[in-house]
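Undergrad:
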Amino acid sequence: SLAADAPDPAYEPLDQAYKALRTNDYEKAVAGFRRAIAVSPKRASIRKDLAYTLLKIGENEEARDQFGEAVVLDGRDEQAALEYAFLCYETGKPVEARRTFDQLRQPGKSESTRKTAETAFENIDKPLRDGIARWKEAVAQRPDAYSAHEELAQLAEKRDELELAAAHFREAWKLRPQHRAFLLDMGRVLRGLGRAEESVTALLAASRGAEPRTAEKA
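If you read the sequence shown in the numbering used here, its first letter stands for residue 1465, the second for the next number, and so on.
(1) Helix, strand or coil for Pro1477 per DSSP?
(2) Does Pro1676 come out as helix, strand or coil in the three-state DSSP assignment?
(3) I'd like to confirm the pairing. Which residues does DSSP put opposite Lys1573 in its beta bridges?
(4) In whole angstroms, what is the alpha-carbon distance linking Thr1665 and Pro1607?
(5) DSSP three-state label for Gln1642, please.
(6) Are Leu1551 and Leu1592 closer than 9 Å when you measure CB to CB?
(7) Can you find the residues in the same chain that come closer than 6 Å, C-beta to C-beta, to Glu1635, ignoring five residues on each side of it along the sequence?
(8) Can you name, in chain order, every residue of its own chain whose Cβ lies under 8 Å from the Cβ of Leu1668, other than the five neighbours on each side?
(9) Would you kindly work out how many angstroms separate the C-alpha atoms of Leu1647 and Trp1637, rounded to a whole number?
(10) Using a Cβ-Cβ cutoff of less than 7 Å, which residues in the same chain neighbour Glu1476 once the five nearest sequence positions on both sides are dropped?
(11) Are there 16 or more other CB atoms within 10 angstroms of the CB of Ser1663, so buried, or fewer, so exposed?
(12) Buried or exposed, going by whether 16 or more other CB atoms sit within 10 Å of the CB of Leu1654?
(13) Can the beta-carbon of Ile1596 be found closer than 9 Å to that of Leu1628?
(14) For Gly1522 and Tyr1516, I'd like the C-alpha separation in whole angstroms.
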């Protein structure tokens, strides 16, 4: 009973935030939600309310991140997950969007969520599938064309076909060994595959190249 009677530390900032929302004072509402999160960081509902308010002022990337935090805190919130996935796609993170939609179209989710996620997933996945098929054919016809290997590898990485991506980034590098950025790509993909030692080897080689920008990234 003592716990039930304890005051909610987020009550005051939330009260101010909701009052600000009623008057369309979104900046003040955002500030209130931020204060509430500072004292109650594990409450997914506050992060969702902050995310929706951020959308109203055009802060889509931060709204995306807040929806993502809400999903981490409450994995059952399918609406937050959909919002996160759509915002990932809109803010230049198609890989994360595809992965999230893929999870949401699986059995165990509500029918409406599965339908929405299935459509969105297909809209992202089909162009990748088609592109991979085209570039596989191009590579078969011109195996010495490094740019074809590069295009195929990039599409494969976006579709989470990391073995395929690693293989063709490697082929592109063999054809253009002076282009150390391919080693950077290989290091990233190999890390995603859990092949840490190979990833480090590729990144070290990239860091010792003549391209300053590539070396700095590596």
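Ideal placement from N, C-alpha and C gives every residue a C-beta, glycine not left out.
TA: Judging by the given coordinates:
(1) The count along the sequence shown starts at 1 and reaches residue 1477 at position 13. Residue state, collapsed to three classes: helix.
(2) By 1-based counting over the sequence shown, the position of residue 1676 is 212. Correct three-state label for Pro1676: helix.
(3) Counting from 1 along the sequence shown, the entry for residue 1573 is found at position 109. Bridge partners of Lys1573: Pro1571.
(4) The residue you call residue 1665 lines up with position 201 of the sequence shown. The residue you call residue 1607 lines up with position 143 of the sequence shown. In this structure, the alpha-carbon of Thr1665 lies about 25 Å from that of Pro1607.
(5) On the sequence shown, position 178 is the one that residue 1642 refers to. Gln1642: coil per DSSP, three-state reduction.
(6) Residue numbering aside, residue 1551 sits at position 87 when the sequence shown is read from its first letter. Residue numbering aside, residue 1592 sits at position 128 when the sequence shown is read from its first letter. Between Leu1551 and Leu1592, the CB-CB gap reaches or exceeds 9 Å.
(7) For the purposes of this step, residue 1635 is taken as the residue at position 171 of the sequence shown. Counting only Cβ-Cβ distances below 6 Å, and skipping sequence neighbours, we find His1613.
(8) Translated into positions along the sequence shown, residue 1668 becomes position 204. Around Leu1668: Ala1682.
(9) Translated into positions along the sequence shown, residue 1647 becomes position 183. Translated into positions along the sequence shown, residue 1637 becomes position 173. One C-alpha to the other measures close to 7 Å.
(10) Working through the sequence shown from its first residue, we reach residue 1476 at position 12. Cβ within range, chain order: n/a, list empty.
(11) The residue labelled residue 1663 in the question sits at position 199 within the sequence shown. The residue is buried, with at least 16 neighbouring Cβ atoms inside 10 Å.
(12) Position 190 of the sequence shown, counting from 1, holds the residue named residue 1654. Answer is buried; the Cβ neighbour count reaches 16.
(13) Counted from its first residue, the sequence shown places residue 1596 at position 132. Counted from its first residue, the sequence shown places residue 1628 at position 164. Yes, the pair counts as a contact, with Cβ atoms nearer than the cut-off.
(14) As a working mapping, residue 1522 is identified with position 58 in the sequence shown. As a working mapping, residue 1516 is identified with position 52 in the sequence shown. In this model, Gly1522 and Tyr1516 are separated by some 10 Å (Cα to Cα).
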